[in-house]
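> Per my numbering, the very first residue in the sequence shown carries number 5; after that it's consecutive. The beta carbon of each residue, even a glycine, is placed where N, CA and C say it ideally should be. Below you will find the structure I want to go over with you.
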Amino acid sequence: MSNVNTCASLDTGNDILILHEIRHALRKLLDDGESTIIDLRAIPMAPGEEARIEAMLGQGELSATLNALGKSTINETAFSGAWLITHYNTEDEILGKFIEISKLPSILASQHEDIEVALEQLTHQLLV
5 MSNVNTCASL DTGNDILILH EIRHALRKLL DDGESTIIDL RAIPMAPGEE
55 ARIEAMLGQG ELSATLNALG KSTINETAFS GAWLITHYNT EDEILGKFIE
105 ISKLPSILAS QHEDIEVALE QLTHQLLV
């Protein structure tokens with residue numbers, strides 16, 4: 005009897021485990037308001053597993069693109085509260101890929117310092 009390796013035997017199974025982690029994180033978000041970030045690039049995965057995770061998560065209604073020191077894409081998945089965030093360098097190579105479980109991804113929230121500057125600018129503009 006020969007021992008034949010198949011592609012399925014190379015899977016880590018982390019795709020299903022990550023989906024379970026997302027489910028638990030959604031529960032934490034509902035119960036405690038606590039956000040969770042899963043770094044997909046820090047988890048060992050076999051070829052195709054990351055794509056399967058993205059396919060299983062599907063597409064939601066919202067997406068955003070930021071352009072600052074490279075592009076970042078923020079996409080709501082089919083599961084409200086679960087966001088797929090990808091950061092690229094200036095050569096369009098992926099630097100990081102995350103799933104953020106939150107009501108609103110933290111990268112989209114205005115920073116306190118930026119709001120202070122905006123207030124000063126608007127105040128100055130109204131006085132001119």
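What are the residues that DSSP puts in a beta bridge with lysine 101?
For lysine 101, which the question treats as bridged, DSSP gives the partners Thr90.
> Can you have a look at alanine 29 and say buried or exposed, based on whether 16 or more other CB atoms are within 10 angstroms of its CB?
Alanine 29 is buried by the Cβ-count criterion.
> In three-state DSSP terms, what is lysine 107?
Correct three-state label for lysine 107: coil.
> Rounding to the nearest angstrom, what Cα-Cα distance links aspartate 15 and aspartate 96 in this structure?
C-alpha separation (whole angstroms): 28 Å.
> With a floor of 4 residues, list each alpha helix (DSSP H) that falls wholly inside the segment 11 to 38, ordered by position along the chain.
List check, alpha helix (DSSP H) in window: 11 to 14, 18 to 36.
> Along the chain, where does the alpha helix (DSSP H) that runs through alanine 59 open and close?
Its alpha helix (DSSP H) spans residues 53 to 61.
> Between serine 67 and glutamate 80, what straight-line distance do the alpha-carbon atoms span, to the nearest angstrom?
Serine 67 and glutamate 80: Cα-Cα distance of roughly 6 Å.
> Pick helix, strand or coil for isoleucine 82, following the three-state DSSP scheme.
A quick correction: the sequence has alanine, not isoleucine, at residue 82. Looking at alanine 82 - three-state DSSP - the assignment turns out to be coil, as it is neither helix nor strand.
> According to the neighbour-count rule (16 or more other Cβ atoms, all chains shown, within 10 Å of its Cβ), is aspartate 19 buried or exposed?
The residue is buried, with at least 16 neighbouring Cβ atoms inside 10 Å.
> Tell me whether histidine 91 is buried or exposed, calling it buried when 16 or more other Cβ atoms sit within 10 Å of its Cβ.
Histidine 91 should be labelled buried.
> Quick test of your reading: leucine 44 and lysine 101, contact by CB under 8 Å. State the CB separation rounded to the nearest angstrom.
That belief holds up - the Cβ atoms of leucine 44 and lysine 101 are roughly 4 Å apart, short of 8 Å.
> How would you label leucine 61, buried or exposed, when you count the other beta carbons within 10 angstroms and need 16 or more for buried?
Burial call: buried.
> Assign alanine 82 to one of two classes, buried (16 or more other C-beta atoms within 10 Å of its C-beta) or exposed (fewer than that).
Flag for alanine 82 reads exposed.
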